[in-house]
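This report refers to the structure that appears directly beneath it.
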Amino acid sequence: MQQKLRLYTYFRSSTSHRIRIVLNLKEIDYEPKFVNLLQGEHKSEDNKQELPNQAVPALHLPDGTILIESMAIAEYLDEVYPQKKLLPQDPVLKAKVRGFCELINSGMHPYQNLIMFEWIEKYVEKFDRVEFVQNVLKSEFQTMEKLLLQNHGKYSFGDEITLADCFLVPQVMGAIARFKLDITLFPTIQEVYNNLKDLPQFYKAQPDQQPDFK
Amino acid sequence: MSTSRLAIRLYTYRGYSAPWRVSIMLKLKQLQFQPFFVNLPKAEQLSNMYSQINPLQIVPTLEINGQLLHESMAIAEYLEEEFPRNKLLPKSPLEKAIVRSMCETVNSGIHPYHASRFYKYVHNYVSDINRQEISEPFLERGFTALNTLVEKHGGDYAFGNQVTIADAFLYPAFRGDDVSYLVNLDKYPALKKVVENLDQLPEFAYEHPDSQG
Numbered sequence: 001m002q003q004k005l006r007l008y009t010y011f012r013s014s015t016s017h018r019i020r021i022v023l024n025l026k027e028i029d030y031e032p033k034f035v036n037l038l039q040g041e042h043k044s045e046d047n048k049q050e051l052p053n054q055a056v057p058a059l060h061l062p063d064g065t066i067l068i069e070s071m072a073i074a075e076y077l078d079e080v081y082p083q084k085k086l087l088p089q090d091p092v093l094k095a096k097v098r099g100f101c102e103l104i105n106s107g108m109h110p111y112q113n114l115i116m117f118e119w120i121e122k123y124v125e126k127f128d129r130v131e132f133v134q135n136v137l138k139s140e141f142q143t144m145e146k147l148l149l150q151n152h153g154k155y156s157f158g159d160e161i162t163l164a165d166c167f168l169v170p171q172v173m174g175a176i177a178r179f180k181l182d183i184t185l186f187p188t189i190q191e192v193y194n195n196l197k198d199l200p201q202f203y204k205a206q207p208d209q210q211p212d213f214k
Numbered sequence: 001m002s003t004s005r006l007a008i009r010l011y012t013y014r015g016y017s018a019p020w021r022v023s024i025m026l027k028l029k030q031l032q033f034q035p036f037f038v039n040l041p042k043a044e045q046l047s048n049m050y051s052q053i054n055p056l057q058i059v060p061t062l063e064i065n066g067q068l069l070h071e072s073m074a075i076a077e078y079l080e081e082e083f084p085r086n087k088l089l090p091k092s093p094l095e096k097a098i099v100r101s102m103c104e105t106v107n108s109g110i111h112p113y114h115a116s117r118f119y120k121y122v123h124n125y126v127s128d129i130n131r132q133e134i135s136e137p138f139l140e141r142g143f144t145a146l147n148t149l150v151e152k153h154g155g156d157y158a159f160g161n162q163v164t165i166a167d168a169f170l171y172p173a174f175r176g177d178d179v180s181y182l183v184n185l186d187k188y189p190a191l192k193k194v195v196e197n198l199d200q201l202p203e204f205a206y207e208h209p210d211s212q213g
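Chains H and X, in that order, are what the protein sequence lines are. Residues 1 to 214, numbered by the UniProt record's numbering, are exactly what the first sequence covers, in order. Residues 1 to 213, numbered by the UniProt record's numbering, are exactly what the second sequence covers, in order.
Quick look at the structure:
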């Protein structure tokens, strides 16, 4: 019988990465279940029940409920596990943190996932993923830089870690490692990212520290 | 929060799905607001004029008590917490997570794939393909996922028999001018049932872009 939370994750999935950070920050013990996206395991018959939207992350609760969508999962964890709160108390600041997360969640990531690439590669023979994503990110990162300039301290919003940081690090890490983004063009993003990425809860969540890393 | 001295302004374009979500929520919360129209089809949000108002150049933006809030989901959560009348989220964290997952399926799983910037990105690489062809597989995937969620958890509305934030996201995802020509509601029976129920509610009434003075 399932005792712990079970997280369906792929080491390189930016969306899974966010939740791994959240779980680490809140010191929540969980059981990882690895889904190899490159091998299409998210679309397999075997995973049909476990991954209702054919995507990671999915969080399985001990009572059998399955939660999807990283923002929805994060909000759930923040409410049910109140240690190390990731959303500020002040309503306007809270809205700004959520707005920042959504900029990444719905404004950037949908254009750099496997679904996007697999589709366009049917039409374009020598499709350059790096060039495509760089084009998407160049204006979005400028918006992110503006937001951080207004709000940052040591971290994205002041000197306390928030959910914004859990979204920022995977997005920036992926942009640098996979899409050759020149982070020096965005000095505030770079500064905050450098303050976060070596914190143990963030480091342990990163792709190359995962058991399914290849 | 007292509503007597509130100044609420919504930067919007009537008929377009993302700002429409916020407009619906403001009406459900019975909050008076002033709309400020930004011509999205003409990308007016990118103009210098608008950048003076909102440096992020994003629509929808909600101006409330002098603060600018962006992102429809963040605005939804803010309104829900600050204006507790006519609750738009269920009580338990689990039920909230389900409602939020419906909203996010629209917000990040559907909407990005009919946004004008998406067509620009694709047309940089594939020129002889129209919007329907581009969006179709993505929308199919997103609406199928949403249909499954609503099949499982819906009743009269997206989640059970009370209107929630999920309905404010779901309805414009079909009826919005930026998407309605791309999707066939008949393919999604659980969603169709909910949309037709929402058609009856005044807070969801369509406002034509030509009504923007």
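Every residue, glycine too, gets a C-beta built ideally from N, C-alpha and C. Model, not experiment: these values are computed from the prediction.
Within 8 angstroms of the CB of Phe-127/H, the CB atoms of chain X belong to Tyr-125, in sequence order along the chain.
In this structure, Leu-185/H lies away from Tyr-155/H, with their beta-carbon atoms at least 8 angstroms apart. Out of Phe-100/H, Phe-127/H and Asn-194/H, the CA that lies nearest to the CA of Leu-148/H is found in Phe-100/H. The continuous alpha helix (DSSP H) containing Lys-96/H extends over residues 91 to 107. For Gly-158/H, the closest alpha carbon among the candidates Lys-96/H, His-60/H and Asp-63/H is that of Lys-96/H.
Under the Cβ distance rule, Ser-51/X does not count among the residues neighbouring chain H, no pair being separated by less than 8 angstroms. Contact with chain X is found for Leu-67/H, since one of that chain's Cβ atoms lies less than 8 angstroms from the residue's Cβ. If the five residues before and after Leu-87/H are omitted, its C-beta is found closer than 7 angstroms to the C-beta atoms of Asp-78, Lys-94, Val-97, Thr-162 and Leu-163, all from its own chain and listed in chain order. Using a Cβ-Cβ cut-off of 8 angstroms, Gln-67/X counts as an interface residue toward chain H, since at least one Cβ of chain H sits closer than that to its own.
Taking a beta-carbon distance threshold of 8 angstroms, Tyr-171/X does not count as an interface residue toward chain H. CA-CA distance, Pro-32/H to Tyr-113/X, rounds to 30 angstroms. Scanning its chain for C-beta atoms nearer than 6 angstroms, with the 5 sequence neighbours on each side dropped, one finds around Leu-168/H the residues Ser-156, in chain order.
Under the DSSP assignment, Phe-169/X falls in the alpha helix (DSSP H) whose first and last residues are 165 to 175. In the three-state scheme derived from DSSP, where H, G and I count as helix and E and B as strand, Gly-154/X is classed as strand. Among the CB atoms of chain X, none fall inside 8 angstroms of the CB of Phe-167/H. Closest option to Ile-120/H, judged by alpha-carbon separation, among Glu-104/X, Ser-108/X and Phe-138/X: Phe-138/X.
In the DSSP annotation of this structure, the continuous segment of the beta strand (DSSP E) that includes Pro-32/H starts and ends at 30 to 34. Taking a 10 Å sphere around the C-beta of Arg-141/X, we find 16 or more other C-beta atoms and assign the residue as buried.
DSSP places Arg-9/X in the uninterrupted beta strand (DSSP E) bounded by 8 to 12.
The count of Cβ pairs closer than 8 angstroms, one atom from the region 32 to 52 of chain H and one from the region 4 to 17 of chain H, reaches three, so the stretches are in contact. Under the Cβ distance rule, Leu-103/H counts among the residues neighbouring chain X, one pair being separated by less than 8 angstroms. Residues are counted here when their Cβ sits less than 8 angstroms from a Cβ of chain H; for the region 137 to 153 of chain X these are Pro-137, Phe-138, Arg-141, Ala-145, Thr-148 and Leu-149, given in chain order.
In this structure Ile-98/X touches Phe-159/X by the C-beta definition: roughly 6 angstroms separates them, less than 8 angstroms. Under the three-state reduction of DSSP output, Gly-174/H falls in the helix class. Using beta-carbon distances, Lys-146/H counts as an interface residue toward chain X, with a partner under 8 angstroms. Look at the region 73 to 90 of chain X: the residues with a C-beta under 8 angstroms from a C-beta of chain H are Met-73, Ala-74, Ile-75, Glu-77, Tyr-78, Glu-81 and Glu-82.
When C-beta atoms of the region 189 to 204 of chain X are compared with those of the region 21 to 34 of chain X, three or more pairs fall below 8 angstroms, so the two segments count as touching. Looking at the DSSP output, Phe-37/X sits in a beta bridge with Thr-12/X. One alpha carbon belongs to Glu-80/X, the other to Ser-92/X, and they sit about 14 angstroms apart.
When CB distances to chain X are screened at a threshold of 7 angstroms, the residues of the region 48 to 63 of chain H falling below it are Pro-52 and Asn-53, in chain order. For Ile-64/X, the uninterrupted beta strand (DSSP E) segment begins and ends at 61 to 64. With contacts defined as CB atoms closer than 8 angstroms, Asp-156/X and Asn-197/X qualify as a contacting pair. The region 113 to 130 of chain H and the region 118 to 126 of chain X touch, with three or more beta-carbon pairs separated by less than 8 angstroms. Taking the Cα positions, Gln-34/X is about 25 angstroms away from Val-179/X. Non-local C-beta neighbours of Leu-37/H in its own chain, meaning closer than 8 angstroms and more than five positions away in sequence, comprise Tyr-10, Arg-12, Ser-13, Val-56 and Leu-114, ordered along the chain.
At a cut-off of 8 angstroms between beta-carbon atoms, Glu-27/H makes no contact with chain X.
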